[in-house]
Each structure stands twice: as C-alpha cells, then as structure tokens.
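Worksheet: one structure, shown below.
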Amino acid sequence: MGNARSGNRRPSHLCTDQVVAVDVRALSRAGALRPGTAFELSTSRAGVLARCRTLGTESFEAALADSEFFDFERISLARTPCHLGGFRTWAVCAPCSRRVAMLYVVNRRFACRLCAGLRYRSQRESALDRLGRKLHHARAALSWQASLVEPLGGKPEGMHWRTYANAVHAYMQQERVYFQGHRRRLGRS
Ligand SMILES: [Zn+2]
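Read in order, the letters of the sequence shown are residues 2 to 190 in our numbering.
Next up, the structure:
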C-alpha cells in the first residue's frame, strides 16, 4: 500500500511561473470560450502547447501539441453570476472538482495549483523562514539563548567537544546564509 506521500508524484519546488498556465479569464475575455471556437495555448518559450476547441458553454477540449496519441483532454467550465450582471467563467479542476481561474500543465495534465503541487514564488522565498526555524532548533539543541541575535553560547555539559565544534561550524554557516537572505529581502522591499 502506498501512503499519501508515495502516491503523490509532486514535482516539488516547482513554482507557478515555471510551468504553462491557462488563464481561463483571459481566454474568456479573448472570446476563445465561445462554443465552436478553436484556439491554441502557447508560450513564448515553449511555442504552441495545445490545440483546443470550445465544445459548448460547459467545456473545452485540449490536445497537447506533441502528443503521440493525440488524446483530447476535456476541461470542464463553470459560470457564476457577477454582481454587476454577466457571469464569470471558471475552469473545473478534474482531480479535485474545485472551480479555479488558473489551470497548470504538469506531467501532461491540466490541474489546479494545489493538485499540480505548485507553489507561488513567494512561498518558495519562505525557505528563509525555514532556515530561521532550523537555527532556533540548533540553538535549543545547544541550550543557547533562543534569540538569533544573541551571541553564540558555550558547550553544553556532557557534549563532546568535537560534536560541539561541528554544531557551531554548521550553525555559523547557516546563520551567515540566513542573515544574507534577510538583507536581500529587506533590500528589495
Ligand atoms: Zn485541483
């Protein structure tokens, strides 16, 4: 039996801006979702990605351009009324059935951001936060004061000098990366 982790083929660490995104609102504005309309999904980097045709108000089909089998994937659409009249068009993510504005193409499948296992770039930047947590853990393991701005502490009783020296060395390396990252982050905002 596979557990949730092994059954989940997430392309971890990929961000939404690294894969082909299908913006359903943009398609709708461009008139591509009128029944019978043929359109292409393309990017400047990858060229034509898929040839599509809108079937009716409820779905469009897409064939990936380099598909050997030329299999069409059907993407369901949903509409919700707007306050000011008219309606808003959504795509329905096939794996989770949620209504979403954006679908992404990962592993030759169209799926929402969560099903595709994608992160926003800002989430990836929280690697800095994870590093900060690591430093806190390291401080706790060494019985140092918790705050990262406090000086390094001494060797805990009972710890081998070599273990201590390695821990301090690792800590100082990570700390340097952490504060560099913070300076960069502050410099940008
Ligand atoms: Zn989904």
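The C-beta atom is built at its ideal place from N, Cα and C for all residues, glycine as well.
{"Item": "Contacting residues, own chain, Cβ-Cβ under 8 angstroms from A64 (five flanking each side not counted)", "Value": "A51, R52, C53, F71, D72, F73, E74"}
{"Item": "The alpha helix (DSSP H) enclosing D130, as first and last residue numbers", "Value": "128-142"}
{"Item": "Sequence-distant residues of the same chain with beta carbon closer than 8 angstroms to V21, five excluded per side", "Value": "L42, T44, A47, L50, Y105, V106"}
{"Item": "Three-state secondary structure assigned by DSSP to S60", "Value": "strand"}
{"Item": "Proximal residues to F40 (C-beta, below 6 angstroms), its chain only, five neighbours per side dropped", "Value": "A33, C53"}
{"Item": "Cβ contact (3+ pairs, closer than 8 angstroms) linking the stretch 140-156 and the stretch 78-97", "Value": "no"}
{"Item": "Three-way DSSP call (helix, strand, coil) for D67 in this model", "Value": "coil"}
{"Item": "Shell residues, 6 angstroms Cβ cut-off relative to heavy atoms of ligand 1", "Value": "C94, P96, C97, R99, A112, C113, L115, C116"}
{"Item": "Extent of the continuous alpha helix (DSSP H) to which A27 belongs", "Value": "25-30"}
{"Item": "T55, buried or exposed, once every other Cβ within 10 Å from all chains shown has been counted against 16", "Value": "buried"}
{"Item": "Distance, I76 Cα to F180 Cα", "Value": "46 angstroms"}
{"Item": "Proximity below 8 angstroms, CB of P82 to CB of T58", "Value": "no"}
{"Item": "Cβ neighbours of R100 in the same chain (closer than 7 angstroms, five flanking residues each side left out)", "Value": "A79, W91, V93"}
{"Item": "Under the three-state DSSP convention, the category V101 falls into", "Value": "strand"}
{"Item": "Beta bridge counterpart(s) of T90 as assigned by DSSP", "Value": "R80"}
{"Item": "Where the beta strand (DSSP E) through S43 begins and ends", "Value": "39-44"}
{"Item": "Bridge partners - E74, DSSP secondary structure assignment", "Value": "A63"}
{"Item": "Nearest to D67 (by Cα), restricted to the options M103, S123, R109, P96", "Value": "R109"}
{"Item": "Close beta carbons around G155, own chain, < 7 angstroms, minus the five adjacent residues each side", "Value": "none"}
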